[in-house]
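*Asks:* Next up is a structure, given as structure tokens.
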Amino acid sequence: MPKLKLSKVGKKMNHLTGVREIMKDIAATLRSDPSKKWLNLSPGNPIVLPEVLEMWRTYANELVNSSEFGPVIGRYGMTQGFDPFIDAVVVAYNKHYTWGISRENVLITPGSQSLYFLCSNLFGGERDDGKGTQKILLPMCPEYTGYDGVVLDKDILVSVRPHIEILGAHEFKYQVDFSRIHVDESIGAIMLSRPTNPTGNCITDDEFKKLHAIAKQWDIPLIVDAAYSPPFPDLAFVPMTPFFDEHILHCVSLSKAGLPGERVGIAIGHPKYIEALEPFQSNVGIHSSRFGQALAAKALSSGRLAEISSLVIKPFYRKKLEMFRNALHERMPKDFPWYLHREEGTLFAWMWIDHPKMNDLEMYQKLKEQGLICVPGSSFFPGLNEDWAHKHQCLRFSMTATDDEIRAAAIALGVVCKKF
Ligand SMILES: Cc1ncc(COP(=O)(O)O)c(C=O)c1O
7 MPKLKLSKVG
17 KKMNHLTGVR
27 EIMKDIAATL
37 RSDPSKKWLN
47 LSPGNPIVLP
57 EVLEMWRTYA
67 NELVNSSEFG
77 PVIGRYGMTQ
87 GFDPFIDAVV
97 VAYNKHYTWG
107 ISRENVLITP
117 GSQSLYFLCS
127 NLFGGERDDG
137 KGTQKILLPM
147 CPEYTGYDGV
157 VLDKDILVSV
167 RPHIEILGAH
177 EFKYQVDFSR
187 IHVDESIGAI
197 MLSRPTNPTG
207 NCITDDEFKK
217 LHAIAKQWDI
227 PLIVDAAYSP
237 PFPDLAFVPM
247 TPFFDEHILH
257 CVSLSKAGLP
267 GERVGIAIGH
277 PKYIEALEPF
287 QSNVGIHSSR
297 FGQALAAKAL
307 SSGRLAEISS
317 LVIKPFYRKK
327 LEMFRNALHE
337 RMPKDFPWYL
347 HREEGTLFAW
357 MWIDHPKMND
367 LEMYQKLKEQ
377 GLICVPGSSF
387 FPGLNEDWAH
397 KHQCLRFSMT
407 ATDDEIRAAA
417 IALGVVCKKF
């Protein structure tokens, strides 16, 4: 291949970050022996659940057979989004949370990942007054590894390690360690996922209020990644009360509610943020898929999206997580220092092995030899440069596997851990 003359940004963006590099290895492993029955507990892709698919199919049929179809797919639209969808978002959030928002508080984006690209580069990077670089603070890691990929400069993210609370023999929880959080003029925004991929942690209302107070004090946005949050896909298993305020930017995704392929994300925030994001989005990608938005408008305004999320999607993953924990209790060696993060949300189980010999990358290889594929945890500490043994002691397991695969995964883990 001829060498490309890439720019500094080109070089940074040309690299797969964190988990995406591992995903390449996983794909190669699966291809290396296609006849082998792998236990693949790595995917971030949600399961296509029959009831959810049926809902989207019904609305797609309705749309395709209506007069709306031609203009929806055959015309460009407004960058802010497809009108009926913006209206549906306003009505749904005012009904669900009584936030009192209006159209000027909403921007539709091509998936929420692109929204993090817009946000991190609006608020992070070289300042235009020559006073150095503005950073994006991730107040608690482990955190969504996708944030690493959206910043144009590699040193923009700064992350803070958490306090670890042991809850029982094999259960723990991360808490925001406010004693380690230092905000000054150099921080342009605070960003976090709630509930969090990969750990399933859902920061408490109290922690959230404290972060909000910091954002308010410094007049910076608190960007909340609601990819797993209520009202859809409603993958929060503990109570959480999201609220609306001048300094909070809620970032919603339709992906875990069955529409990842259509790329629909929603920003809900103060008009000052929406007005800053909209031209950036117009320059980069014009607008999100109008077909996806038109489907989402129907699912949202009928109330079916929130209903199917809490009645179908949420119990599905909750049951899988419970099954995984029970299977581990049966299969892991006695007195072995393994801990699962308390199940507070998302579709992932997060395991910590508090053993001096534990190394996530070596463990990933050993589990592969048993036919089990997971994701090594060290990919999920974007912006945390300090040495910390815990970074190499964790693994992520996706609950998108079948019941039999989940039970077999616990057996494979037991076999490998017995040899420690
Ligand atoms: C925490 C989190 N945020 C954002 C995303 C990206 O979602 P989208 O499909 O809306 O771009 C994901 C996808 O897995 C995620 O886990």
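Each residue of the sequence shown is one higher than the one before, starting from 7 at the first, in our numbering. For each residue, glycine too, the CB sits at the ideal point set by N, CA and C.
Using CA atoms only, rank isn't needed, just tell me which of L144, Y345 and S295 is closest to L228.
*Replies:* L144
*Asks:* Where P52 and E74 are concerned, what is the direct C-alpha to C-alpha distance, given to the nearest angstrom?
*Replies:* 29 Å
*Asks:* Quick one, which of T247, A418 and V290 has its alpha-carbon nearest L128's?
*Replies:* It is V290.
*Asks:* Report yes if the CB atom of G377 is closer than 8 Å to the CB atom of K42, and no otherwise.
*Replies:* yes
*Asks:* Quick one: give me the first and last residue of the beta strand (DSSP E) that V58 is part of.
*Replies:* First-last for V58: P56 to V70, but that is the alpha helix (DSSP H), not the beta strand (DSSP E).
*Asks:* The beta strand (DSSP E) that contains H256, what's its start and end?
*Replies:* Here the beta strand (DSSP E) through H256 covers I254 to S259.
*Asks:* Tell me which residues pass a beta-carbon proximity test against ligand 1: closer than 6 Å to any heavy atom, given in chain order.
*Replies:* G50, G117, S118, Q119, Y150, G152, S199, N203, D231, A233, S259, S261, P266 and G271
*Asks:* Go through the segment 263-303 residue by residue and report every complete run of the beta strand (DSSP E) that reaches 3 residues or more, in order.
*Replies:* 271-274
*Asks:* Along the chain, where does the alpha helix (DSSP H) that runs through E213 open and close?
*Replies:* D211 to W224
*Asks:* Would you mind stating whether C208 and M146 have Cβ atoms separated by less than 8 Å?
*Replies:* no
*Asks:* Please classify D410 as buried or exposed, where buried requires at least 16 other C-beta atoms within 10 Å of its C-beta.
*Replies:* Here D410 is exposed. Its C-beta has fewer than 16 other C-beta atoms within 10 Å.
*Asks:* If we count the other Cβ atoms within 10 Å of its Cβ and call it buried at 16 or more, is D231 buried or exposed?
*Replies:* buried
*Asks:* Would DSSP call F250 helix, strand or coil?
*Replies:* Coil at F250, not helix or strand.
*Asks:* So if DSSP puts Y180 in a beta bridge, which residue, or which two residues, is it bridged to?
*Replies:* I170
*Asks:* Excluding sequence positions up to five away, which residues of its chain have a Cβ less than 7 Å from the Cβ of R296?
*Replies:* V78, I79, G83 and F88
*Asks:* Answer with buried or exposed for I292, where buried requires no fewer than 16 other C-beta atoms within 10 angstroms of its C-beta.
*Replies:* exposed
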